[in-house]
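Counted the way mature numbering (1 follows the signal peptide of the UniProt record, and there is no 0) counts, the sequence shown spans residues -21 to -1, 1 to 270. Heads up, the beta-carbon is just placed ideally off N, CA and C, and yes, glycines get one too. Okay, so here's the structure we're looking at.
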Amino acid sequence: MNIAFRGAALALLPMLLAACASPTTPTPPAAVADTAVLATAARPEPAFILLGELHDNPDHHRARAGQLRRLIAQEPRTVVVFEQFARSQDAAVARARQAAPGDVDAVIDAAKLDRKSWRWPLHQPLFEAALQSGAEVRGGNIDRDQVRRIVREGDAAWPAELLALRERTAWSGAQQDALRQDIQDGHCGAMPEAMLPGMVQAQRARDASMAQAMLEARQAGAKRVVLIAGNGHVRRDVAVPVYLQAAGVPAADIDAVAYLESGSAAPTGGYDRVERAPAPSREDPCAQFKR
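Next comes the structure, spelled out in structure tokens:
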């Protein structure tokens, strides 16, 4: 790869990673049903609930905020894990909660949430739902500098606990290919082939980190843990659920929900169910890569 391009791509890595759940060309809706692929409607509410999103769809955030309020009212000992900030900020977030209960701005400042990259205040309804309901909030992600190192250096840059979790996780060539294709599709086919192995490493590390955050919340006494993340991170076949199951969580105790738009399709076996909302007015999501 051209060195100058590689440097520019690494500098844009936060945007590239956030784009993994961006909408691309719709697939005919006949490819998948909106009903649960793996779950049955009769099963009880699992302890691990993963709510996906398209990051720029405000209807997804509003719908999940309502879902969060319902879940927390049903089980007050719920912890909400957010993709939108790193696990390293948990202590600062807890201090902010103690000093200013219910203050969303104080929490996201403590979390060092990148308002520009996440197009704040799109996610505000979710933070309000969690904080106003009294739920504990935690970060699920890895620090950006660490992500960049993983892209460049691979295994040597993985945090030890996440590498140990990854080593316990069964991973096939088909899963590797599916994740690789998912990342390429999420970047409109513009990702240079030479960068894909590093991007797959980064995606796997972030998935393992979110799973670890959920596991730690459960070990600390949470009766239910809800993950707020992009659709790519909640896929049963290649993402966070894979690492939860590797750590011993039964498949039946995980509920993976994708939030998609009309006319788009989900991968077979990727989610337990799909919720839909209309697409917002947006410019061509591939324009940034064309530029």
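Scanning its chain for C-beta atoms nearer than 6 Å, with the 5 sequence neighbours on each side dropped, one finds around Gly177 the residues Val130, in chain order. If you look at Leu101, you'll find it isn't in any alpha helix (DSSP H); DSSP assigns it neither H nor E. Taking 8 Å as the cut-off, the beta carbon of Leu105 is found closer than this to the beta carbon of Ala44.
For the 8 Å CB-CB criterion, Ser67 and Gly119 do not form a contact. A check of alpha carbon separations from Val204 across His39, Gln182, Arg117 and Gly227 identifies Arg117 as the nearest.
Sequence-distant Cβ neighbours of Arg255 in its own chain, meaning closer than 7 Å and more than five residues away, are Asp13, Leu239, Glu240 and Ser241. Residue state for Val217 is assigned as coil, using DSSP reduced to three classes.
Boundaries of the alpha helix (DSSP H) around Ala196: Leu175 to Gln198.
Pairing Glu172 with Cys265, the inter-Cα distance amounts to about 17 Å.
Taken atom to atom, the span from the alpha-carbon of Asp122 to that of Ala65 is near 6 Å.
Every candidate beta strand (DSSP E) stretch fails here, since none sits fully inside the stretch 139 to 170 while reaching 3 residues.
Secondary structure at Val228: coil, using DSSP grouped into helix, strand and coil.
Across the structure, Val83 and Gln103 are spaced so that their CA atoms are roughly 8 Å apart. Residue Gly211 holds the alpha-carbon nearest to the alpha-carbon of Asp164 among Gly211, Gln191 and Tyr250.
DSSP places Asn210 in the helix class (H, G or I) of the three-state scheme. When Cβ pairs closer than 8 Å are counted between the two stretches, the stretch 22 to 30 is seen to touch the stretch 216 to 229, the count reaching three or more. Restricting attention to beta strand (DSSP E) runs no shorter than 3 residues, the stretch 23 to 93 encloses them at 27 to 30 and 57 to 65, ordered along the chain. With 16 or more neighbouring CB atoms inside 10 Å of its own CB, Arg197 falls in the buried class.
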